[in-house]
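Working notes, structure below.
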Amino acid sequence: MEKALREKARELLTTGEANVIIGYEWNRRKTRATPAFITKADEVDRLIFNPLCVNNLSIYLTRKNKDILRMGKPAIVAKGCDIKNIVVLISEGQVKREDVVIIGMSCNGVVYKQGLWKGELRPEIMPVKCHNCDVRNPHLTDFVIGDHIDFTPPETPRGMVFDKIAALDAKTPGERWSFWLEEFSRCIKCYACRQACSLCYCERCITEKNVPQWIETSAHQRGNIAWNLVRAMHLAGRCTFCGECERSCPANIKLNLVNQKLVLTVKDAFDFKSGYDEKIHPPMIVFSPDDTENFIK
Amino acid sequence: MENLYLPKLVTIEDAYLETPDVKSFRLVFKDEALRESFTFKTGQFGLYSAFGLGESTFCISNAPTRKGYIQCTFRKTGRVTGGLFDLSIGDTMGFRGPFGNHFPIDEWKGKDITFIAGGIGLPPVRSVILNCLDRREDFGDITIVYGSRCVEDLVYKNELQHWNDRDDVALYQTVDPGGETPDWKGEVGFVPMILEKAAPKPKNSIAVICGPPIMIKFSLSVLEELGFSDNDVYTTLENKMKCGVGKCGRCNVGDIYICKEGPVYTAAEIKKMYYDF
Amino acid sequence: MKAMYLKKAELGKLISSVQDSGALFVGPVVDAGNVVYKEIGSASELTGDYIIPVTTYKQWVFPQTEVVATFAVTKEGVDLDGVDLDPPDVVVFGARACEAASLASLRSVFTWGEDDEFYTRREDRITVITVGCTAIDDECFCTTVELSPASTTGSDIYLRETTDDEYMAVAVTKKGEAFIKAHHGVFHQKRAAEPELVELKLPEPIKGIKKEKISAWLARTDNYQSELWPRLTRKCFGCGACTFSCPTCHCFDITDEGTAFGGERRKNWDACQFDHFTAHASGHNPRDTQFKRWRNRFMCKFKYYPDKFKTTGCVGCGRCIRVCPVRLDITEVMEEISQISE
Numbered sequence: 000m001e002k003a004l005r006e007k008a009r010e011l012l013t014t015g016e017a018n019v020i021i022g023y024e025w026n027r028r029k030t031r032a033t034p035a036f037i038t039k040a041d042e043v044d045r046l047i048f049n050p051l052c053v054n055n056l057s058i059y060l061t062r063k064n065k066d067i068l069r070m071g072k073p074a075i076v077a078k079g080c081d082i083k084n085i086v087v088l089i090s091e092g093q094v095k096r097e098d099v100v101i102i103g104m105s106c107n108g109v110v111y112k113q114g115l116w117k118g119e120l121r122p123e124i125m126p127v128k129c130h131n132c133d134v135r136n137p138h139l140t141d142f143v144i145g146d147h148i149d150f151t152p153p154e155t156p157r158g159m160v161f162d163k164i165a166a167l168d169a170k171t172p173g174e175r176w177s178f179w180l181e182e183f184s185r186c187i188k189c190y191a192c193r194q195a196c197s198l199c200y201c202e203r204c205i206t207e208k209n210v211p212q213w214i215e216t217s218a219h220q221r222g223n224i225a226w227n228l229v230r231a232m233h234l235a236g237r238c239t240f241c242g243e244c245e246r247s248c249p250a251n252i253k254l255n256l257v258n259q260k261l262v263l264t265v266k267d268a269f270d271f272k273s274g275y276d277e278k279i280h281p282p283m284i285v286f287s288p289d290d291t292e293n294f295i296k
Numbered sequence: 000m001e002n003l004y005l006p007k008l009v010t011i012e013d014a015y016l017e018t019p020d021v022k023s024f025r026l027v028f029k030d031e032a033l034r035e036s037f038t039f040k041t042g043q044f045g046l047y048s049a050f051g052l053g054e055s056t057f058c059i060s061n062a063p064t065r066k067g068y069i070q071c072t073f074r075k076t077g078r079v080t081g082g083l084f085d086l087s088i089g090d091t092m093g094f095r096g097p098f099g100n101h102f103p104i105d106e107w108k109g110k111d112i113t114f115i116a117g118g119i120g121l122p123p124v125r126s127v128i129l130n131c132l133d134r135r136e137d138f139g140d141i142t143i144v145y146g147s148r149c150v151e152d153l154v155y156k157n158e159l160q161h162w163n164d165r166d167d168v169a170l171y172q173t174v175d176p177g178g179e180t181p182d183w184k185g186e187v188g189f190v191p192m193i194l195e196k197a198a199p200k201p202k203n204s205i206a207v208i209c210g211p212p213i214m215i216k217f218s219l220s221v222l223e224e225l226g227f228s229d230n231d232v233y234t235t236l237e238n239k240m241k242c243g244v245g246k247c248g249r250c251n252v253g254d255i256y257i258c259k260e261g262p263v264y265t266a267a268e269i270k271k272m273y274y275d276f
Numbered sequence: 000m001k002a003m004y005l006k007k008a009e010l011g012k013l014i015s016s017v018q019d020s021g022a023l024f025v026g027p028v029v030d031a032g033n034v035v036y037k038e039i040g041s042a043s044e045l046t047g048d049y050i051i052p053v054t055t056y057k058q059w060v061f062p063q064t065e066v067v068a069t070f071a072v073t074k075e076g077v078d079l080d081g082v083d084l085d086p087p088d089v090v091v092f093g094a095r096a097c098e099a100a101s102l103a104s105l106r107s108v109f110t111w112g113e114d115d116e117f118y119t120r121r122e123d124r125i126t127v128i129t130v131g132c133t134a135i136d137d138e139c140f141c142t143t144v145e146l147s148p149a150s151t152t153g154s155d156i157y158l159r160e161t162t163d164d165e166y167m168a169v170a171v172t173k174k175g176e177a178f179i180k181a182h183h184g185v186f187h188q189k190r191a192a193e194p195e196l197v198e199l200k201l202p203e204p205i206k207g208i209k210k211e212k213i214s215a216w217l218a219r220t221d222n223y224q225s226e227l228w229p230r231l232t233r234k235c236f237g238c239g240a241c242t243f244s245c246p247t248c249h250c251f252d253i254t255d256e257g258t259a260f261g262g263e264r265r266k267n268w269d270a271c272q273f274d275h276f277t278a279h280a281s282g283h284n285p286r287d288t289q290f291k292r293w294r295n296r297f298m299c300k301f302k303y304y305p306d307k308f309k310t311t312g313c314v315g316c317g318r319c320i321r322v323c324p325v326r327l328d329i330t331e332v333m334e335e336i337s338q339i340s341e
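Those protein sequence lines, which keep their order, are chains L, X and E. Take 0 as the starting number for the first sequence in numbering that gives the first Met the number 0 and just add one per residue. Take 0 as the starting number for the second sequence in numbering that gives the first Met the number 0 and just add one per residue. Take 0 as the starting number for the third sequence in numbering that gives the first Met the number 0 and just add one per residue.
The following block contains the structure:
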């Protein structure tokens, strides 16, 4: 698979179809996968693909990373789940389909966090998204690397995140509130969740807008709640549940619970799941005359 | 406890609208003892508070020779300066300072001095000008080249008139081409061109310069052509600052903390700073 | 002072004794799957199974958010009150030797020129009890930056585990001696035979890294524009995880919170990795791309701190490597710099 990937990368760079391959390479000790930017055909052998390739590289297609945009036309190594984010970026006018070459990777799943890797991909170390994945054969691509994967996700998604959401839903609003207060109390305001998210592409985030100051920047209860709620709400109907925010959080805040709950809510209300069709706009940015809510009419 | 971040309260004694978005304040300390004891040196800056909005950094624009008050001039750009802009005579604000180093004017005795300023760059230079004018006999020729985009944007219009009237000051006022009004009596042209025209003599001479980066850049090459040594050209750097006392890690240009070791530098020193600023 | 001993089983007694004296007892606990430093009530909350906590104990000398003044805006003007800080005594138990060395770096920044008493008053009242490492991981690199699990710099008391479930305690500072005296009931002198100590685990120094080569390379001004900076660091997407988990990072913001009628002024952690950190109101930004911000952090640790404060900016705790979402490994940059300056 890596061989095919490297060949494709070499071809793209040699023909000039792409100026930079955004992919994965080993760290120096060969214990972790890390993002790589390959611009020369003779460096394509650095590219790797394995279950440690957890990063959603679509972050590097956004305007937050201008120095990468300056490198020229990108070809991006993307798993199905990463492609979902590219789809949203295209539907929101952030990336033009023709401006990026998508090298889709057939994928049997990745690890939840790289530190869990012991040389073998076991179900226990995979994130919930992988167990319920319906894009192991990537859906929006220019090329697909890897064999077709036969995998049917469970009809009703399941896993720890869904169990926890059910458990939280069974609680009273008061209990839920205390749960989230406790959870967000660990926030250190490092904004890794925002920076890791390719759909948080604003160049000036609402936390940085101070005329007026919408969100208090201190890492105290008010500031932490305000930030985490605003982050969640800005992703409603857009989040693809790629899990990068939770993986990046140094405080282990259970952001996947928030995100998946929003995904479920949007599915119920609008029968919409983001990340599948780049021609359909997310529900929160379109108005339809038959909207069930009447506040806007 | 010595609280480095606790401002002193000041009252706005006088406020003056310099341009549609630039205001000057004359501030006095609420604490009368402090009014007497407060001293600073020309070129130092302060942190000015609009309570509830935060602090902003700008220079003290009056001269230390005129005691009992502080003057400052600022343009409304963000949250804090916007809040300060809305204040008026009698209102309270906060002041921390003075911070930073200063222009070594005692070393300039007997020398000619040329001041070059653009737009909102005049306030820091004004402190030096006033200081020099108050000790006029200590210095040789005094030349001032000041310009802005248009007539409306010139700050300290009354004072400019006063300097213009003095026969021991050569004042060149200018506006960028297209910025003049029908009754404009000054020059038309960019500051570096007018500086070339003023052609101050480089021997036994000091230049003080402050303004937008592009103006500084071209004026420096004019000064070089005129024969000024980089050691005789002074400027004051601005960088984003929060603490003013070398702790918050924001204003550093490499290992140089502008707030403590600056903001006043010679052109020679700045040329040695290869870091981004 | 001779070495004293402390039974692991009697840690509870030490905690009670510390708490009775009015001090906070801070130690490593498991919280949401991470080992972090937390104020604890009893010994059962402590964990011994950790390499180094994910968070630093910096928060007890330099809190994430700290009120420096309060104000009320009235018709007559402004009532302004400065905080007169009287911090509690804090005992940090289970520190690691690398992190212990960091307080000297923080102190150098907070005391050059004027003293920031919000820092010094807290630091004066903290007692650091270090436990020598008996386990390490791939990210530990203290021995590469001239420290080791055996370093006592910055510790007040240094503990070594014994094979019979005790700690051997050595007072490093006067504060440490005073602590042992104050809680003498918990410490004891050893019986006839010297106990066997559990061997310390030292990370292998990274061979390719030469600190003096890094210093020499950074001192050459043209290297500031080296192609190495963007090449190695462009994957950084600018979160603050590394700075907020770093024991020596000290940058902060000062911000007002409240309403038009009153509120408080706070000193909050900030990060040089954030894109708006150095942005001027005019829009100009001296560090306008991510690699410049990353270069600043690296140079701050390996050039500015050593040059300016004669202290180390990096203690090799490895936290920034562990928390980095893109696995940007500071030792790889150190290694590459060491090698290109061959």
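Each residue gets a CB set at the ideal place from its N, CA and C atoms; glycine is no exception.
Residue(s) in a DSSP beta bridge with residue i
i, result
"residue 187/E", "4/E"
"residue 252/X", "255/X"
"residue 91/X", "10/X"
"residue 69/X", "26/X"
"residue 38/E", "25/E"
"residue 76/L", "102/L"
Proximal residues of chain X, C-beta to C-beta of residue i below 7 Å
i, result
"residue 254/E", "53"
"residue 210/L", "77, 78 and 81"
For residue i, the first and last residue of its enclosing alpha helix (DSSP H)
i, result
"residue 81/L", "79-90"
"residue 240/L", "Looking at the DSSP string, residue 240/L is not in any alpha helix (DSSP H), and its letter there is neither H nor E."
"residue 220/L", "220-233"
"residue 147/X", "Careful: residue 147/X lies outside any alpha helix (DSSP H), inside the beta strand (DSSP E) at 141-147."
"residue 117/E", "116-123"
"residue 158/X", "156-164"
"residue 193/X", "190-197"
Segment limits, beta strand (DSSP E) that includes residue i
i, result
"residue 58/X", "53-58"
"residue 104/L", "100-104"
"residue 170/X", "169-174"
"residue 228/E", "From DSSP, residue 228/E is part of no beta strand (DSSP E) but of the alpha helix (DSSP H) over 227-232."
"residue 256/E", "251-258"
"residue 266/E", "261-268"
"residue 93/E", "89-94"
Three-way DSSP call (helix, strand, coil) for residue i in this model
i, result
"residue 43/X", "coil"
"residue 338/E", "helix"
"residue 204/X", "strand"
"residue 299/L", "This structure cannot speak to residue 299/L, because chain L is shown only from 0 to 296."
"residue 73/E", "strand"
"residue 209/X", "strand"
"residue 112/L", "coil"
"residue 108/X", "coil"
"residue 214/L", "coil"
Within chain L, the residues that residue i reaches when beta carbons sit closer than 9 Å
i, result
"residue 239/E", "187, 188, 189, 190, 191 and 194"
Interface residues of chain X facing residue i [CB-CB closer than 9 Å]
i, result
"residue 296/E", "Residues of chain X passing the Cβ test: none, with the nearest at roughly 10 Å."
Under 8 Å from the C-beta of residue i: neighbouring residues of chain X
i, result
"residue 251/E", "241, 242, 246, 247 and 248"
Per-residue contacts from residue i into chain E (C-beta, under 9 Å)
i, result
"residue 227/L", "Those within 9 Å of residue 227/L in chain E number zero; the least Cβ separation is about 14 Å."
Residues that residue i contacts on chain E, provided the C-beta gap is smaller than 7 Å
i, result
"residue 47/X", "Within 7 Å Cβ-Cβ: nothing; residue 47/X doesn't reach chain E, min ~13 Å."
Partner residues on chain L for residue i, Cβ-Cβ distance less than 7 Å
i, result
"residue 275/E", "207"
Task: Ranges of the beta strand (DSSP E) found wholly within the segment 2-37 of chain L, counting only runs of at least 3 - done: 19-25 and 32-37
Open item on the list: Just to confirm the assignment: which complete alpha helix (DSSP H) runs, minimum length 4, are found wholly within the segment 139-221 of chain E?
Closed with: 173-181 and 210-218
- [ ] Please specify which runs of the alpha helix (DSSP H), each continuous and at least 4 residues long, are wholly inside the segment 118-173 of chain L, giving them in chain order.
- [x] 127-130 and 159-168
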